[in-house]
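For reference, the structure is listed below as C-alpha cells.
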Amino acid sequence: MTESITVNINGTSYTHDVEPRLLLIHYLREVVGLTGPHIGCETSLCGACTVEFNGKAVKSCAMFAIQADGARILTIEGLAVDGKMHKMQEAFWNEHGLQCGFCTPGMIMTSKQLLERNPNPTEQEIRHGLEGNLCRCTGYQHIVNAVKAAAKVAGV
Amino acid sequence: MATTTITKTEKLVGKRIRRREDPRLITGTATYVDDIKMPGMYYAAILRSPYAAAKIRSIDISKAAALKGVHAVFIGKDTENAGAVPCGASLPGLRVPHHNLLALDRVYLVGHPVAVVVATDRYIARDGCDLIEVDYEPTEAVADPEKAIAPGAPAVHPQWPDNTGFTFHQEGGDVAKAFAEADVIVKQRIVSQRLIPNSMETRGVVADWKAADRSMTLYTSTQAPHLVRSLVAQILGIEENRFRVVAPEVGGGFGAKIQTYAEEILMAFISRKIGKPVKWIESRRENFLCTIHGRGHVDFYEIAAKRDGTITGIKLKIIQDLGAYYTVLTPAIPTLSVLMMPGLYRTPNISADIVGAFTNCTPTDAYRGAGRPEATHGIERMVDMVAAELKMDPAEIRLKNFIRNEEFPFPTATGLVYDTGDYAAPLKKAMEMASYDKLRKEQVEARKQGRFMGIGLCAYGEICAFGPSPATPAGGWESATVKIEPSGQVTVLTGISPHGQGEETTFAQITADELGVGIDDVLVCHGDTALVPYGIGTFGSRSTAVGGTALYYALQELKDKIKKFGAMLLESDDIALANGQCTCNKTGKSIGVKSIAAAAYRAMKLPPGTGPGLVATHFWEPSNFTFPFGAHLVVTEVDAETGDVAIKRYIAVDDCGNILNPLIVDGQVHGGVAQGIGQALWEQAVYDDNGQLVTGEFMDYTMPRAHMMPWIESAHTTTPTPVNPLGVKGVGEAGTIGASPAVVNSVVDALSPLGVRHLDMPLTPEKLWKVISSGRTA
C-alpha cells in the first residue's frame with residue numbers, strides 16, 4: 003500500500019508514492035537522495051536529522067513522509083544560495099564548530115532557527131536553544147561561538 | 045578550489061587556520077557509509093538476543109525467508125566455519141573465547157547476533173527479523189565483575205567457571221619496604237564506571253564482492269581501515285591485495301571504531317555468498333548494545349606516604365569488567381592503567397594486579413583515554429586523600445611529588461621512560477588563572493554561609509603517540525606518501541584515518557611549510573587501502589605525533605629529490621631550497637617547485653642516479669611514546685536542596701608539546717573535557733541483575749548537552765618532545781583524562797565539611813542529595 007505525496011524540498015517539487023510507514027528522514031535520504039540530514043538515533047533525541055518543515059525546525063526521524071504532503075522543506079543542502087554559504091555555515095567553519103561533522107547538518111539547521119527566533123541570544127539562550135541536538139566531539143563551546151559569530155553578521 | 049599561488053613565505057604551522065575538510069561537512073555533501081548506494085544493493089538487519097544468557101533450543105526462519113523482498117536469511121550454522129571475532133592483544137595465560145559471528149547453541153549477552161536477514165530494503169529486513177522464531181531457554185547471568193569472580197557465580201563461558209579471563213601482575217622497586225616504613229597508608233576502593241562511547245554516527249558497513257575479480261570492497265565506519273582489511277581478509281580467506289577497505293567520512297569513533305567487529309566480517313561473508321552488495325547500518329539501540337563500552341574498573345588503591353607528603357609506594361588491584369568476549373584490544377586496556385599508575389609523581393615503588401572478569405555484558409575496549417583515565421582518576425583521587433590525611437593543600441602535595449624537570453628522561457617504576465616535562469608549570473598556571481589563594485578564602489566564606497563550594501585539582505599525565513611497535517599489538521609505526529604532481533600541486537597520502545581530528549588541515553600546514561607551496565595546492569587523502577600505503581590508523585593520540593612525523597620525513601626525502609632536479613636545472617651543486625624555490629647560492633638564480641615538477645615528469649634530462657617523478661614514501665617507527673601532561677582546576681558548587689553540581693569555573697592547562705593549529709587543539713580539549721565531565725557527573729552504563737542494559741538509549745544514558753556544559757578556559761604550556769622532529773605530543777585524549785578527577789575532587793572538596801572523603805562517579809544529583817541529606821542528619 004502506498005500513498006502519493008507532493009513535497010517542495012529546497013525549492014523543487016517532488017511527487018512520490020510512499021509507504022505510510024516511511025519516515026520522513028528515510029524519504030529525504032533514500033527516495034529524494036538528500037543525504038545531508040543524518041540519522042543518529044531514530045528516536046528524536048539527537049537532532050542529527052533536523053530539517054525545516056514549513057519554516058520550523060523539526061526532527062525528521064519523528065515524522066512520516068506522508069505528513070509532509072503539501073509541505074515546504076528545507077534541508078542543509080538547500081541552505082547555500084547560488085553557491086554562497088549561509089552565514090551560519092560560514093560561522094561553523096570559521097569557529098571550528100564541528101569535528102566529525104555528523105551532527106553538523108542538524109546543528110546548523112537548529113542554530114539558524116535559533117537566531118531567527120532570537121537574533122541576539124545570550125550564551126545561556128544559545129545553549130538552551132541547542133539542547134535538543136547532541137554533539138559528541140566539540141563540547142559545544144565552538145558551536146556556541148559560531149552562533150554568537152553568526153548573530154553579529156547581518157542578513158542571511 | 046585550486047589557486048595559482050604556488051610559492052609563499054608565511055609559515056602556517058602554529059596558526060589558527062580553519063579546517064579544509066569543513067566545506068563538505070557544513071553543506072551536507074560528505075559521504076558517510078549510510079550515504080553509499082550501489083546498484084542491486086541489499087540491506088541487512090540483525091536479529092539479536094534479548095537475553096544475557098540463554099540456550100538456543102531452535103530457530104525457525106521459514107516465515108522470514110518466505111516474506112516478499114527477503115533475499116536470504118543466515119543463522120549460526122551458516123557462518124560456523126567463517127571464523128571468529130578477532131582479539132589482537134596477548135597476555136600470558138590469556139583465555140580467549142571463540143566468539144562466532146552468529147550465535148550457535150547459546151547466547152551470552154543481550155545483543156548477541158543470532159540471525160541476519162537480507163532484503164531489498166531496510167524496512168523489509170527488519171520485518172524479516174520480526175518473523176524469526178527463536179526458542180530460548182534463559183539461564184542465570186552475571187553482570188557485575190566483582191560478583192562474577194566470586195565463588196558460585198554463573199559461568200559466562202562454561203569452560204571457565206571462575207569467569208577469569210586473565211590475571212596480570214607487575215611491580216617495580218620495593219613496595220613492601222615502602223609500606224613497612226610509611227608514616228601513613230591511605231586505602232580506597234575507586235570505581236571507574238562502564239561508559240558508552242556513542243559516536244554520533246553509529247557503525248555501518250557496505251560490502252561489495254566481485255566474483256570475477258575475486259575482489260572485495262568493504263566500506264566501513266572505522267578508525268583503522270588497514271587493520272580491518274588484514275583481519276577480515278585473513279578470517280574469510282580473501283586475498284589481501286584484492287581486499288579494499290574504505291573508511292569514508294567517519295562520524296566519530298573515540299576508540300570504539302578501532303576494533304574489527306562481527307558485522308564487518310558478516311557483511312563481507314554475505315556479499316560473497318549472495319554475489320551482491322549488501323549494507324548494514326547499526327541502529328542507536330544496537331550501538332548501545334553491540335559496539336564496545338569503555339572503562340569498567342573496580343580499583344583497590346593503597347598509598348604509602350611520609351609525614352611530609354612524600355609518596356613512597358602505590359599498590360593497586362584492578363578488577364576489569366571484560367564483558368562476554370574480547371574485541372581487538374580488550375585485555376590490553378587495563379595494562380595501560382598499570383603503566384600510567386604513578387601519574388606525574390616520582391614514586392619508585394609500585395605493585396599492581398589485574399583480574400579480568402568475564403560478565404554477560406558488552407565487551408569493554410578502548411574508549412577515549414583507554415586505561416589512562418582510570419589510572420589518572422585513581423592516583424589523583426588518592427593524592428587528594430593523602431593530602432587530606434596529612435592536612436596538606438592538594439596543590440602542595442602535587443608540587444612536592446612531581447618528577448623534577450632535570451630528571452627527564454625519567455624511568456618510571458612501571459617501566460616507561462617519560463620524555464620531557466615541566467609538571468609544575470601547568471598547575472601553577474591554572475592556579476594563577478583561578479587566583480587560587482583568593483578562591484580558598486572565598487571557600488571559607490562560602491562554608492560559613494553553609495554553601496558547598498569546592499575547588500578540585502588534577503595534574504594528569506598520559507601515554508600518547510602509540511607507539512613503538514614492540515609495545516603495540518599491531519605495530520605502532522605510520523606511513524606517508526607525498527606526491528608532487530606534474531602541475532606542481534601536492535597530494536599527501538597518510539596511513540592515519542582521521543574522523544574529526546582535522547589532519548586534512550594540519551598535514552597540509554606541515555606540507556605547505558616544508559615545500560613552500562600554498563596550502564590550497566595540498567590535498568591530504570586517507571582512509572582507503574587502495575589509495576594509501578599500509579597504515580595503522582587514528583587512535584591513542586598518535587595521528588600527528590606518528591603520522592605527521594612519517595609525513596615530515598617523506599617531505600625531507602622529497603626535498604632532497606627536488607634539490608637534485610634544482611641543481612641540474614640551475615647547473616650548480618650549491619643549492620638551497622626555501623619557500624618553494626631552489627636557489628643557487630652562487631648566482632642567486634632560482635627556480636620554483638612547480639617548474640621543477642614539470643621537468644621531473646617531462647624527464648627530458650635527469651640528475652645522475654635519479655629517476656623521473658617527484659614521489660616519496662616514508663614509514664616511520666617511533667623510538668618511544670610521548671607523554672603529554674597538564675593540570676585542570678574546577679570550581680563547583682553543590683546545591684544543598686537538589687544535589688545538582690554547578691561548575692562555576694573550568695580551567696584546563698594542557699601541555700601537548702608544540703601546537704600545529706591552536707583552533708583544532710582547543711576543539712580537542714573541549715570535546716575531551718565534555719566526555720570527562722560526562723563521566724564525572726552523568727554517564728553510566730547500568731545493567732540489571734539479569735544482564736539487561738537499562739541505559740540503552742539516549743533517553744536513559746545522560747550524554748552532555750549544550751546547556752549542561754560549562755565554559756572551558758583553555759590555556760597551554762609548551763614542552764616539546766624530543767621523540768619526533770615536530771615536537772608534538774598529542775592532545776586527543778588529554779581533556780578526558782584530566783576532567784573526571786578534577787571534577788570529582790572539586791565535588792568531594794565541596795562536601796568535605798560533611799566528612800565526605802570519596803565518592804564514586806557519576807555524581808548524579810540523586811547521589812549527592814542523599815549524601816547531603818544523610819550528612820545533615822548525622
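Protein chains in written order, with our numbering: chain P, 3 to 158; chain W, 45 to 822.
Where is the CB? At the ideal position from N, CA and C, for every residue including glycine.
Every value quoted in this text rests on a predicted model; they were computed, and no experiment measured them.
Quick check on residue 298 of chain W: does DSSP put it in helix, strand or coil? coil
Would you tell me roughly how many angstroms separate the C-alpha atoms of residue 732 of chain W and residue 156 of chain P, rounded to the nearest one? 53 angstroms
Short of 8 angstroms in beta carbon distance, which residues of its chain neighbour residue 282 of chain W, apart from the five on each side in sequence? Order them along the chain. 258, 260, 276, 312 and 316
Quick one, which residues of the region 192-224 of chain W are near chain P if we go by CB-CB under 8 angstroms, in chain order? none
I need the DSSP call for residue 440 of chain W, collapsed to helix, strand or coil. helix
With a threshold of 8 angstroms between beta-carbons, can residue 142 of chain P be considered close to chain W, or not? yes
Taking the C-alpha atoms as reference points, what is the distance between residue 331 of chain W and residue 552 of chain W? 34 angstroms
Check whether the region 118-138 of chain P and the region 89-98 of chain W are in contact - that is, three or more C-beta pairs closer than 8 angstroms. no
In this structure, does DSSP put residue 153 of chain P in helix, strand or coil? helix
Can you list the residues of chain A that residue 43 of chain P reaches, using a CB-CB cut of under 7 angstroms? No chain A appears in the structure shown, which is made up of the protein chains P and W.
Would residue 664 of chain W and residue 780 of chain W qualify as a contact pair, given that the criterion is a beta-carbon distance under 8 angstroms? no
Could I get the ranges of all uninterrupted beta strand (DSSP E) runs contained in the region 209-297 of chain W, with 3 residues as the minimum, in chain order? 228-236, 248-254, 259-264 and 287-290
Residue span of the alpha helix (DSSP H) that contains residue 96 of chain P, given as start and end: 89-96
May I ask you to verify whether the region 160-168 of chain W touches the region 337-347 of chain W, counting CB pairs closer than 8 angstroms and requiring at least 3? no
State the Cα-Cα distance for the pair residue 228 of chain W and residue 498 of chain W, rounded to the nearest angstrom. 25 angstroms
Is it buried or exposed, residue 75 of chain W, if we count other Cβ atoms within 10 angstroms and call 16 or more buried? exposed
What is the rounded straight-line gap between the Cα of residue 105 of chain W and the Cα of residue 247 of chain W? 26 angstroms
Got a sec: is the Cβ-Cβ distance from residue 75 of chain P to anything in chain W below 8 angstroms? no
If you draw a straight line from the C-alpha of residue 519 of chain W to the C-alpha of residue 133 of chain W, how long is it? 12 angstroms
Taking all protein chains shown into account, do 16 or more other C-beta atoms lie within 10 angstroms of the C-beta of residue 83 of chain P, making it buried, or fewer, making it exposed? exposed
Spatial neighbours of residue 724 of chain W within its chain, please: C-beta separation below 7 angstroms, excluding the five flanking residues on both sides. 783, 784, 787, 788, 805, 806 and 807
Under a CB-based cut-off of 8 angstroms, is residue 122 of chain P close to chain W? no
Run the CB neighbour count on residue 143 of chain W, radius 10 Å, all protein chains shown included, and call it buried at 16 or more, exposed below. buried
For a cutoff of 8 angstroms on Cβ pairs, would you count residue 509 of chain W as touching chain P? no
Residues of chain P with a CB under 7 angstroms from the CB of residue 240 of chain W: which are they? Near residue 240 of chain W there are no residues of chain P at all, since even the closest Cβ is about 11 angstroms away, more than 7 angstroms.
One question on the structure: do residue 508 of chain W and residue 584 of chain W come within less than 8 angstroms of each other, judged by their Cβ atoms? yes
From the beta carbon of residue 27 of chain P, is the nearest beta carbon of chain W less than 8 angstroms away? no
On the three-state DSSP scale, how would you describe residue 712 of chain W? helix
Would a check of beta-carbon distances place residue 76 of chain W closer than 8 angstroms to chain P? yes
I'd like to know if the region 418-435 of chain W and the region 386-405 of chain W are in contact, where contact means that at least 3 CB-CB pairs between them fall below 8 angstroms. yes
How many angstroms separate the CA atom of residue 57 of chain W from the CA atom of residue 580 of chain W? 24 angstroms
Cβ neighbour criterion (16 or more within 10 Å) applied to residue 205 of chain W: exposed
Check whether the region 283-303 of chain W and the region 261-272 of chain W touch, using three or more Cβ-Cβ pairs below 8 angstroms as the test. yes
Looking only at its own chain, which residues have a Cβ that is under 7 angstroms from the Cβ of residue 715 of chain W, when we skip the five neighbours before and after it? 779
If the criterion is Cβ atoms closer than 8 angstroms, does the pair residue 78 of chain P and residue 72 of chain W meet it? yes
First through last residue of the alpha helix (DSSP H) which encompasses residue 67 of chain P: Counting along the chain, residue 67 of chain P falls outside any alpha helix (DSSP H), and DSSP gives it neither H nor E.
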